[in-house]
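Participant: Respectively, the protein sequence lines represent chains U and L. Everything in the first sequence is counted per the numbering used here, starting at 1 for the first residue and increasing by one. Everything in the second sequence is counted per the numbering used here, starting at 134 for the first residue and increasing by one.
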Amino acid sequence: MSETKDKHIIIPCSGIGKAVGTVARRAAYIVTDETLPNKAATMCLPLLTIEDSEAIEKIRSNPCITIEGCIAECARKNVEYHKGQLKADINVLDVLKQNNRLKPGTVLDIGPDGEKLAKKVAEKIINAIEDSK
Amino acid sequence: MKIKSRKIGLISCSGEDLPEGTISRVATRRVLEERDDTVTICLPLFLAGGQEERDFAKENPCVTVDGCEKRCAAVGVKKYGGVDAKSSIVISDIVKELNFPRPSSRRKILSQDEKLVQEVMSTINQEIKEVQEGKD
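1. Which whole-angstrom value is the C-beta distance of Val198(L) and Leu143(L), which I expect to be below 8 Å?
2. Would Glu263(L) count as contacting chain U if we go by Cβ distances under 9 Å?
3. Which runs of the beta strand (DSSP E) at least 3 residues long sit entirely within the stretch 206 to 258 of chain L? Give them in chain order.
4. Going by C-alpha distance, which of Leu47(U), Thr42(U), Gly15(U) is nearest Thr173(L)?
5. Can you find at least 3 beta carbon pairs, one from the stretch 185 to 194 of chain L and one from the stretch 224 to 234 of chain L, that sit closer than 8 Å?
6. Using a Cβ-Cβ distance cut-off of 9 Å, determine whether Leu93(U) contacts chain L.
7. Smallest Cα separation from Ser225(L): which of Arg168(L), Pro177(L), Val253(L)?
8. Would you please verify whether the beta carbon of Cys74(U) is less than 9 Å from any beta carbon of chain L?
9. Which residues in the same chain as Glu272(L) place their Cβ atom closer than 7 Å to its Cβ, once the five residues preceding and following it in sequence are excluded?
10. Return helix, strand or coil for Ala128(U), following the three-state DSSP convention.
11. Residues of chain L with a CB under 9 Å from the CB of Ile110(U): which are they?
12. Have a look at Gly209(L), Ser221(L), Gly182(L), Val210(L) and flag the residue whose alpha-carbon is nearest the alpha-carbon of Cys74(U).
13. Just checking: is the beta-carbon of Ile174(L) within a distance shorter than 9 Å of some beta-carbon in chain U?
14. To which residues does DSSP link Asp89(U) through a beta bridge?
15. By the three-class DSSP mapping on this structure, what secondary structure does Leu180(L) have?
What follows is the structure, encoded as structure tokens:
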């Protein structure tokens, strides 16, 4: 598991069924790998689903921002179930509504508009990190 | 027991934190798109969803595809479905056993990792065949 000390943990849904799940995942990487690598890290959401003790400790001791691909809101529900420090929950569908020309392609290739949408989602993540300080 | 009448559940860990999670996700998704006898469910739905999602593994014999030794997909099937996966594939084991270089990108499939994706897809298809033939 990545080092997360003093970082926000960005947890995307990574749904495998919809392109918006891939957009959520891509947005998380834009923040953790490109924009704010010293302030943000990600972790595997399935670790919370299987109740991994190390993962649960991390979401309780670090501020978390969840990114959803659909209305099921799996990331938020998994974090809340384990009483993690949830600071913000961003849904890609809401960002898509605000930018309705940026329709992502497929699960395996979100395409140029999907990339642009992921950047919009990443901006919201960055704002949420700033707001939660 | 022949179970060809039921679709095979393919469950990927899709772990965000490891390159192996991305390999798992892409290989699983490609197989799902190539075959009409498979179905999937997003793993976190086991906790976030309702009984219907938790019954997925009871309704569909499952092949799990995990990135690492934590085996979240296989553990999830057992924990929420109350049944064992019919087959459990672990990418890190394939990397080790077949001497693949460890994948380095979690953001995308690099050209040097394409062979690993193909190997995982081949393994998934073989496991599906064996589950369908009742060799599990």
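Glycine residues also receive a C-beta, built at the ideal position from the N, C-alpha and C atoms.
Facilitator: To lay it out plainly:
1. 7 Å
2. no
3. 220 to 223
4. Gly15(U)
5. no
6. no
7. Val253(L)
8. yes
9. Past the boundaries of the shown model lies residue 272(L); chain L is included only from 134 to 269, so the question cannot be answered.
10. helix
11. What Ile110(U) touches in chain L: nothing, since even the nearest Cβ is about 11 Å away.
12. Gly182(L)
13. yes
14. Thr66(U)
15. helix
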